[in-house]
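Step one of this worksheet: look at the structure below.
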């Protein structure tokens with residue numbers, strides 16, 4: 002008897018990293034003209050969202066944050082935005098408050114990430130409300146988890 006995989010949703014994991022000024026670390030993907038987003042990516046087969054988040058930050062930014070990424074901040078179910086795409090689950094894990102001296106260790110994986118920056122939360126809310134909706138609840142109440150469902154193309158990122 003051959004085993005078949007149950008149909009499911011792709012899963013992504015990203016990391017919310019802040020600095021002492023309360024800004025959020027965002028990255029600009031190299032492969033697409035997408036807006037700034039949180040570091041992270043697809044959860045690979047046999048990998049947990051937590052392991053994927055740690056791996057993605059290590060690969061994209063050269064930051065080994067290990068156990069400093071451990072808290073689930075948010076989960077969002079996102080409806081497919083166009084034909085041929087699938088619905089997905091997006092996990093956001095809370096990372097550490099990065100200190101200035103740790104920024105020196107950031108080395109971008111240029112085939113995936115074009116740039117990184119610190120973005121004030123207010124700018125994130127105004128420019129990228131879909132990303133902000135995932136993380137602002139946690140920023141106001143750390144150690145809580147929010148759940149959202151986005152059913153329209155306007156609500157996806």
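Residue numbers (the numbering used here): 2 to 158.
All C-beta atoms in this analysis are idealised placements derived from N, C-alpha and C, irrespective of residue type, glycine included.
- When the five nearest sequence neighbours on each side are left out, the beta carbons in the same chain lying within less than 6 Å of the beta carbon of residue 15 are those of 39, 41, 93, in order along the chain.
- DSSP places residue 109 outside both helix and strand once states are collapsed to three, so it counts as coil.
- Burial is judged here by how many other beta carbons sit within 10 angstroms of a residue's own beta carbon; residue 67 has fewer than 16 and is exposed.
- For residue 61, the uninterrupted alpha helix (DSSP H) segment begins and ends at 50 to 62.
- Just so you know, the alpha carbons of residue 78 and residue 91 end up roughly 6 Å apart.
- For residue 111, the closest C-alpha among the options 95, 30, 74 is that of 30.
- Between the C-alpha atoms of residue 80 and residue 50 there is a straight-line separation of about 19 Å.
- Between residue 28 and residue 19, the CB-CB gap reaches or exceeds 8 Å.
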